[in-house]
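Read through the structure below, which is laid out as structure tokens, and then see the notes.
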Amino acid sequence: MKRLIVAAIALSAAASPAAAQSAKDLENDQKNTNSILTYGMGYGQQRYSPLKQIDKSTVQNLVPVWNYSLASNRGQESHPIIHDGVMYLTTHESTVALNPLTGKQIWKTKVDYPAETPRVACCGIVNRGVAIYQGKLYRTTLDAHVVALDAKTGKVIWKQKAIDFRAGYSQTVTPLIANGVVVTGISGGEYGIRGFLDGWDPETGKRLWRRYTIPAKGEKGNETWPGDTWKHGGAPTWLTGTYDAKLDLVYWGTGNAGPWNPTVRKGDNLYTNSVLAIRPKTGEIVWHYQFSPNDPYDYDGVNELVMATLQVDGQDRDVIMQANRNGFFYILDRKTGKLLRANKFVKVTWADKIDMKSGRPVETAITASIRKGNKEEIWPSAFGGKNWSPMAFDPARRLAFVNTLNFGWTYKTVEPKLRVGTFYFGVEFAWVWPQGNRGYLKAIDPLTGNSKWQVGSGIPRMAGVLATGGGLVFTGRMTGEFEAFDADSGQKLWSFQTGSGTIGQPVTWTANGRQYITVLNGVGGVYSLFSGDKRLASVPAGGSVWTFALMPK
Ligand code: CA
Numbered sequence: 006m007k008r009l010i011v012a013a014i015a016l017s018a019a020a021s022p023a024a025a026q027s028a029k030d031l032e033n034d035q036k037n038t039n040s041i042l043t044y045g046m047g048y049g050q051q052r053y054s055p056l057k058q059i060d061k062s063t064v065q066n067l068v069p070v071w072n073y074s075l076a077s078n079r080g081q082e083s084h085p086i087i088h089d090g091v092m093y094l095t096t097h098e099s100t101v102a103l104n105p106l107t108g109k110q111i112w113k114t115k116v117d118y119p120a121e122t123p124r125v126a127c128c129g130i131v132n133r134g135v136a137i138y139q140g141k142l143y144r145t146t147l148d149a150h151v152v153a154l155d156a157k158t159g160k161v162i163w164k165q166k167a168i169d170f171r172a173g174y175s176q177t178v179t180p181l182i183a184n185g186v187v188v189t190g191i192s193g194g195e196y197g198i199r200g201f202l203d204g205w206d207p208e209t210g211k212r213l214w215r216r217y218t219i220p221a222k223g224e225k226g227n228e229t230w231p232g233d234t235w236k237h238g239g240a241p242t243w244l245t246g247t248y249d250a251k252l253d254l255v256y257w258g259t260g261n262a263g264p265w266n267p268t269v270r271k272g273d274n275l276y277t278n279s280v281l282a283i284r285p286k287t288g289e290i291v292w293h294y295q296f297s298p299n300d301p302y303d304y305d306g307v308n309e310l311v312m313a314t315l316q317v318d319g320q321d322r323d324v325i326m327q328a329n330r331n332g333f334f335y336i337l338d339r340k341t342g343k344l345l346r347a348n349k350f351v352k353v354t355w356a357d358k359i360d361m362k363s364g365r366p367v368e369t370a371i372t373a374s375i376r377k378g379n380k381e382e383i384w385p386s387a388f389g390g391k392n393w394s395p396m397a398f399d400p401a402r403r404l405a406f407v408n409t410l411n412f413g414w415t416y417k418t419v420e421p422k423l424r425v426g427t428f429y430f431g432v433e434f435a436w437v438w439p440q441g442n443r444g445y446l447k448a449i450d451p452l453t454g455n456s457k458w459q460v461g462s463g464i465p466r467m468a469g470v471l472a473t474g475g476g477l478v479f480t481g482r483m484t485g486e487f488e489a490f491d492a493d494s495g496q497k498l499w500s501f502q503t504g505s506g507t508i509g510q511p512v513t514w515t516a517n518g519r520q521y522i523t524v525l526n527g528v529g530g531v532y533s534l535f536s537g538d539k540r541l542a543s544v545p546a547g548g549s550v551w552t553f554a555l556m557p558k
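With positions in the sequence shown counted from 1, the corresponding number in this note's numbering is that position plus 5.
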């Protein structure tokens with residue numbers, strides 16, 4: 006018997022050479038700098054690395070090592086994954102494997118799209134990258150399919166339809182591997198959809214569960230929707246969640262209610278604009294917290310839910326934090342969902358504060374007027390105080406580095422028209438631009454929402470942020486510069502022109518003792534599509550991958 010077990014173990018090890026990306030490896034991702042196995046450089050999505058070869062004094066010697074063309078003129082937002090000497094990336098139409106030291110392509114697999122695939126997802130034809138697990142890569146596609154590929158060859162192993170894209174759905178999200186389940190979200194909150202999360206078997210592609218983010222008739226929470234409004238109520242799940250392996254809870258944000266006009270769906274509209282804590286094996290909702298009940302303003306609650314241990318009121322708490330589109334910076338206990346903090350981090354006029362007892366926003370007279378059908382100016386705009394571009398959290402400095410937005414909008418409700426697959430707003434609106442800076446990179450104290458420093462920019466930065474043990478903060482501009490700032494002062498220490506707008510997610514990693522930084526450029530995404538900012542007309546399209554390291558001495 007004993008011998009049999011030993012033989013079985015040996016066999017399973019031999020059968021899966023890539024058993025390297027086990028559940029444990031994913032859990033320890035942040036600690037192992039030779040690989041990047043998870044979206045956000047760790048299950049907690051801190052986008053922080055202790056690496057410090059590149060620091061405040063050496064960053065002056067940071068130079069490009071290689072560049073790889075993605076052969077795509079769309080916005081590039083893919084999060085790089087690195088394992089066993091191979092880097093994996095996506096565009097909306099391909100998955101590629103590269104040698105991370107040379108930038109040479111190992112394989113490239115195209116996504117086959119039906120001719121009628123919509124060429125307009127709401128906010129950009131993008132893809133945010135692959136997940137990796139036991140020798141396979143997992144990605145989503147614009148026509149709402151989930152695909153598994155062989156990491157060695159790029160061969161498609163299985164492809165499953167999540168839902169019919171003709172009903173307004175699409176997928177750009179990076180899957181999350183949690184407790185051996187591939188969890189995926191869905192986009193389409195502006196198109197009259199009903200959102201959900203799916204859990205898939207990584208081996209076979211069998212769907213294990215679906216959790217709709219809007220309860221059906223007869224389910225708890227459906228009473229927060231009048232009539233049949235829940236059927237097209239939105240609550241998309243278009244950004245990747247975080248995972249606490251100890252608690253076995255996945256934290257996933259949900260997007261806006263549909264239509265934007267709230268007067269036709271009176272009630273809280275669960276579970277729109279919320280965070281859901283779910284069991285990855287079953288999709289069961291363990292707790293939820295709703296940021297913006299009966300949201301009029303497209304304040305999606307999907308932004309990254311960063312895990313950290315913070316001292317709150319003299320006590321160490323395991324928390325998730327989020328810089329919400331609605332302009333408040335939230336801290337919640339991640340075991341119970343208890344609200345611990347909610348403070349403004351940008352200009353906010355829709356609510357005075359969040360009531361800490363009920364967890365509900367205390368809305369202003371302006372919002373009351375809007376709910377009566379009047380035209381008013383509101384801050385922040387539908388873009389939010391922060392959009393999708395992920396922030397970084399430096400656990401030593403206890404600062405979140407966040408690309409924030411500084412503009413409002415005028416807003417008036419009108420009769421919504423539901424034509425499935427087209428915009429479902431029921432609102433007339435126009436952006437309200439400030440004089441000067443439309444965005445600030447801020448170093449925010451999560452406990453107060455206050456900034457230690459901020460760096461403005463005329464065209465707002467829409468890239469992700471990376472923080473390192475070298476005391477550096479990396480991010481990019483829509484005009485192409487990839488930049489490094491002093492984490493303590495905000496002073497700009499280094500900049501490199503990448504040749505197209507940078508809206509990607511910078512990461513850092515090591516090989517043979519050398520620290521590298523990788524980021525994608527390629528202008529596009531929500532701001533370039535909807536702002537009408539004429540200054541972007543002179544920024545060339547063209548996506549590529551840049552990798553940097555210190556010049557050898
Ligand atoms: Ca939305």
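Virtual Cβ for every residue (Gly too), placed ideally from N, Cα, C.
Being a predicted model, the structure only gives us computed values, none of them experimental.
Cβ separation of residue i and residue j, assumed to be a contact under 8 Å, to the nearest whole Å
| i | j | result |
| --- | --- | --- |
| THR369 | ALA356 | 6 Å |
| GLY390 | THR409 | 6 Å |
| VAL512 | THR523 | 5 Å |
| ILE168 | ALA149 | 5 Å |
| HIS88 | GLN26 | 6 Å |
| SER505 | PRO465 | SER505 to PRO465, Cβ: 17 Å. No contact. |
| THR38 | THR515 | 5 Å |
| TYR276 | GLY342 | Not a contact, Cβ separation roughly 12 Å. |
Which of helix, strand or coil DSSP assigns to residue i
| i | result |
| --- | --- |
| VAL161 | strand |
| ALA370 | helix |
| LEU9 | With a pLDDT of 44 at LEU9, under the threshold of 50, the predicted position of this residue should be treated as unreliable, though the coordinate-derived value follows. Here LEU9 sits in helix by DSSP. |
| PHE479 | strand |
| ALA542 | helix |
| LEU147 | coil |
| THR473 | strand |
| LYS29 | helix |
| VAL64 | helix |
| PHE388 | coil |
| ILE375 | helix |
| ASP593 | A question about residue 593 goes unanswered here, because the residues of the chain that appear run from 6 up to 558. |
| HIS97 | coil |
| TRP230 | coil |
| PRO113 | Checking the sequence, you will find Lys at residue 113 rather than Pro. Strand at LYS113. |
| ALA262 | strand |
| LEU281 | strand |
| PRO465 | coil |
| LEU534 | helix |
| PHE412 | coil |
| THR453 | coil |
| SER21 | In this prediction, SER21 has a pLDDT of 43, which is less than 50 and means its spatial position is unreliable; nothing more can be read from the coordinates. |
| THR354 | coil |
| LYS349 | strand |
Report all residues for which the CB-ligand distance to some heavy atom of ligand 2 is below 6 Å; order them along the chain. Judged by which ligands are present, ligand 2 is missing from the structure shown, whose ligands are ligand 1.
Whether or not the region 469 to 487 and the region 434 to 441 are in contact is what I'm after, with contact meaning three or more pairs of Cβ atoms, one per stretch, closer than 8 Å; do they touch? no
Touch check for the region 490 to 498 and the region 527 to 537: three-plus C-beta pairs under 8 Å? no
Taking contact to mean at least 3 C-beta pairs separated by less than 8 Å, is the region 442 to 455 in contact with the region 46 to 65? no
Using 8 Å as the Cβ pair cut-off and three pairs as the minimum, do the region 172 to 181 and the region 125 to 134 touch? yes
Mind the definition here: the region 190 to 199 touches the region 223 to 241 only if three or more C-beta pairs lie below 8 Å; say whether that holds. yes
Are the region 512 to 521 and the region 448 to 465 in contact at 8 Å, needing three or more beta carbon pairs? no
Taking one C-beta from the region 256 to 275 and one from the region 296 to 303 each time, how about it: are there three or more such pairs within less than 8 Å? yes
Determine, using beta-carbon pairs with one atom in the region 346 to 356 and one in the region 331 to 338, whether at least three such pairs fall under 8 Å. yes
Between the region 104 to 112 and the region 135 to 147, are three or more C-beta pairs nearer than 8 Å? no
Pair every Cβ in the region 154 to 167 with every Cβ in the region 217 to 233, then say whether three or more of these pairs are closer than 8 Å. no
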